[in-house]
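Protein chains in written order, with the numbering used here: chain V, 77 to 451; chain H, 77 to 451.
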């Protein structure tokens, strides 16, 4: 995949005039405490026949949890529990798709992803690969998917990634961590039930919420921003501040963080993330650091680029008594740094958004390595 | 149509547990100055064949305007210019549908509505009636449309109504002013080009912008509100305040008002409008007062219900030197008042949202008439 070409597509710039992305929105959404119980009714008209199952991909955190008992199984529907300990991988997608194709004579009626960003991204990718030939890595990039995905439903159980509303599914492939970014990636249906986020462990809650906070800071301070993305980003940022800096009742806080994640995801429509995400991709690729935590590890050192944002971030860390791991990069070799720097600098659109078209003169490999060394 | 039944559907309350509306969002949106020029490329893959035209319903304000020359006509496509002087009517929808059915052997490829709320509502209704038997009035109400509408594209040229994003099309019928409120009403595609709103006359700009401002005040102060609708309503309200009370550059102001309208429309997903809209419906029904102006005429007298909102509204009137018509109801007969009161009180969900379940004890016909007499 040519990165130059990619950048053009990402910005949708054609020669001589600006064209704007025709952004796919989630066409159906339910919001409300307890709305998860409507899943059965929502799936019913989408069932092709009794031989075409719904496959539920669920975070294995819920394996012995009430939620697993509430899945509206019918006929030969199947639950596949999946660990979210690691970032989602292209080969994992291929394995799930192969298993489904082998087991069932009929193509499934649809895929339901239940969990955080990892599960939501896996479910998107599986639904694409069930309707498109080849392997997941073939589709990492911009608009490489040419056939609609299988009907897919996303149900977040933690808030912040925006995966429930975005047109991408970010996967760790053999060569890169990169999204399958296409019009067919977006969910056909989302259920936003804030009660499902009751069980989130506190550190996860914080890191994943910070994913939203950080991508709002990056998109609002980026050069790509326009009024559409700005309005979503500002609302998401405001909600993050309420959730992480004010003292609001827990139930209200869950509601607002779920909406922050939603609007934060939408704010990327005509913008991009920036330095923290680019560097975090490098950390994930080399060390398998999870995305939310990776963003936090990087963002704490970006005062010179996002002064206001980092100040707020420090207040949030303090208020919630979060201790970020230290010395994460202290034992790395020069080869390791080279790999991370290479992966991070490959995210050209993110750097251009953050630093403008002359970004290469600003962010040299040496400067980037020095930032990594602080982590 | 039974109003009780209607109310239940509107709130989606079933016995014993709350169910939440599965809200249809516009599945595709382009935002950007000059994005109107992408219309031809967007329609191309939706053309069924050369005999199946696109029908463009356009506000006749644009009849001798550059915009009319930029319509990407192909094959037997047709432009129908329509006056937006009056509120859209069910019989008008039926006439347009009959004309299209008579003229073409094939069903059109789709309908494109270009204009303000009137044109956007007409285009939605025409696209429904081209795929559903009977007449427009048969579908006024909740979820009475059972077959998908023809592919339809909405392009607003004035900001505020939220018609570009809502799941309703409000029509003046022989018996009532009421929406065709269904999952199939929502546009399949919207193009948000703020440059198209450059030509709006100042009073129209104000009245239509106030439609957005007023429905945000009504939904945010209503009893139906939840965190989803609240986050959209708050953002829309904030944008309205910036546009109508701050001094921002015109181009920026057009961008923000277009986004205010968009978010304002979305805020109705899990909420409702309130007293101003209910009373404005009465004014429209009896006197044909246009919706935006009608809302303003009513809202100025609603201090006791929306104190903060009316205070802001007064500041906006003053800042933009807007003189609202006076004595609109001064020559009405008792029969006239009875009709308006009857129409307004018929909007049960709006009253319940505004005043709670006991609204009938609060808003008596006498009290309502006294409010109308001030206008």
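C-beta: ideal position from N, C-alpha, C; glycine also.
Residue i CB to nearest chain V CB: under 9 Å?
{"i": "residue 231 of chain H", "result": "no"}
{"i": "residue 311 of chain H", "result": "yes"}
{"i": "residue 289 of chain H", "result": "no"}
{"i": "residue 171 of chain H", "result": "no"}
{"i": "residue 159 of chain H", "result": "no"}
{"i": "residue 286 of chain H", "result": "no"}
{"i": "residue 335 of chain H", "result": "yes"}
{"i": "residue 65 of chain H", "result": "The question about residue 65 of chain H has no answer here: the residues shown for chain H are numbered 77 through 451."}
{"i": "residue 397 of chain H", "result": "no"}
{"i": "residue 323 of chain H", "result": "no"}
{"i": "residue 345 of chain H", "result": "yes"}
{"i": "residue 185 of chain H", "result": "no"}
{"i": "residue 107 of chain H", "result": "yes"}
{"i": "residue 328 of chain H", "result": "yes"}
{"i": "residue 356 of chain H", "result": "no"}
{"i": "residue 308 of chain H", "result": "yes"}
Using the three-state DSSP reduction, which class does residue i fall into: helix, strand or coil?
{"i": "residue 395 of chain V", "result": "helix"}
{"i": "residue 383 of chain V", "result": "helix"}
{"i": "residue 270 of chain V", "result": "helix"}
{"i": "residue 262 of chain H", "result": "coil"}
{"i": "residue 255 of chain H", "result": "strand"}
{"i": "residue 165 of chain V", "result": "strand"}
{"i": "residue 241 of chain H", "result": "coil"}
{"i": "residue 373 of chain H", "result": "helix"}
{"i": "residue 246 of chain V", "result": "strand"}
{"i": "residue 348 of chain H", "result": "coil"}
{"i": "residue 451 of chain V", "result": "coil"}
{"i": "residue 378 of chain H", "result": "coil"}
{"i": "residue 358 of chain V", "result": "helix"}
{"i": "residue 366 of chain V", "result": "coil"}
{"i": "residue 275 of chain H", "result": "helix"}
For residue i, count the other beta carbons within 10 Å of its own beta carbon; 16 or more makes it buried, fewer makes it exposed. Which is it?
{"i": "residue 196 of chain V", "result": "buried"}
{"i": "residue 239 of chain H", "result": "buried"}
{"i": "residue 222 of chain V", "result": "exposed"}
{"i": "residue 411 of chain V", "result": "exposed"}
{"i": "residue 383 of chain H", "result": "exposed"}
{"i": "residue 200 of chain V", "result": "buried"}
{"i": "residue 117 of chain H", "result": "exposed"}
{"i": "residue 127 of chain H", "result": "exposed"}
{"i": "residue 140 of chain H", "result": "exposed"}
{"i": "residue 320 of chain H", "result": "buried"}
{"i": "residue 432 of chain V", "result": "exposed"}
{"i": "residue 209 of chain V", "result": "exposed"}
{"i": "residue 325 of chain H", "result": "exposed"}
For a cutoff of 9 Å on Cβ pairs, would you count residue i as touching chain H?
{"i": "residue 350 of chain V", "result": "no"}
{"i": "residue 454 of chain V", "result": "Residue 454 of chain V is absent from the model: chain V starts at 77 and stops at 451."}
{"i": "residue 118 of chain V", "result": "yes"}
{"i": "residue 80 of chain V", "result": "Low local confidence applies: a pLDDT of 37 at residue 80 of chain V is under 50, so the model's placement there is unreliable, and no value is given."}
{"i": "residue 265 of chain V", "result": "yes"}
{"i": "residue 104 of chain V", "result": "yes"}
{"i": "residue 139 of chain V", "result": "no"}
{"i": "residue 145 of chain V", "result": "no"}
{"i": "residue 100 of chain V", "result": "yes"}
{"i": "residue 21 of chain V", "result": "Residue 21 of chain V cannot be examined here, being either before or after the span of chain V that is shown, 77 to 451."}
{"i": "residue 235 of chain V", "result": "no"}
{"i": "residue 315 of chain V", "result": "yes"}
{"i": "residue 87 of chain V", "result": "Residue placement at residue 87 of chain V is poorly supported in this model, since its pLDDT is 45, which falls under 50; the coordinates still yield a value, given next. Not one chain H Cβ lies under 9 Å of residue 87 of chain V."}
{"i": "residue 49 of chain V", "result": "Within the shown structure, residues of chain V are numbered from 77 to 451, placing residue 49 of chain V beyond reach of any answer."}
{"i": "residue 340 of chain V", "result": "no"}
{"i": "residue 414 of chain V", "result": "no"}
{"i": "residue 175 of chain V", "result": "no"}
How many whole angstroms separate the CB atoms of residue i and residue j, which I take to be in contact at a CB cut-off of 8 Å?
{"i": "residue 133 of chain H", "j": "residue 189 of chain H", "result": "5 Å"}
{"i": "residue 142 of chain H", "j": "residue 241 of chain H", "result": "Contact flag wrong, Cβ pair sits at about 26 Å."}
{"i": "residue 388 of chain V", "j": "residue 317 of chain V", "result": "7 Å"}
{"i": "residue 131 of chain V", "j": "residue 162 of chain V", "result": "Actually they do not touch by this definition, with Cβ atoms about 21 Å apart."}
{"i": "residue 347 of chain V", "j": "residue 236 of chain V", "result": "The pair is not a contact, with the Cβ atoms about 17 Å apart (cut-off 8 Å)."}
{"i": "residue 430 of chain H", "j": "residue 298 of chain H", "result": "6 Å"}
(message) Please give the ranges of any beta strand (DSSP E) in the region 178 to 239 of chain V, keeping only runs that are unbroken, at least 3 residues long and fully inside the region.
(response) Runs of the beta strand (DSSP E) inside the region 178 to 239 of chain V: 186 to 191 and 228 to 232.
(message) Extract the residue ranges of the alpha helix (DSSP H) inside the region 289 to 339 of chain H, only unbroken runs of 4 or more that lie entirely within it.
(response) 303 to 321
(request) Identify every run of the alpha helix (DSSP H) within the region 396 to 449 of chain V, keeping only runs that are complete inside it and at least 4 residues long; order them along the chain. (result) Correct list: 410 to 421, 424 to 431 and 435 to 438.
(request) Run through the region 94 to 160 of chain V for me and flag every whole beta strand (DSSP E) of 3 or more residues, listed as ranges in chain order. (result) Counting only runs that start and end inside the region 94 to 160 of chain V, the beta strand (DSSP E) elements of at least 3 residues fall at 104 to 107, 130 to 135 and 154 to 158.
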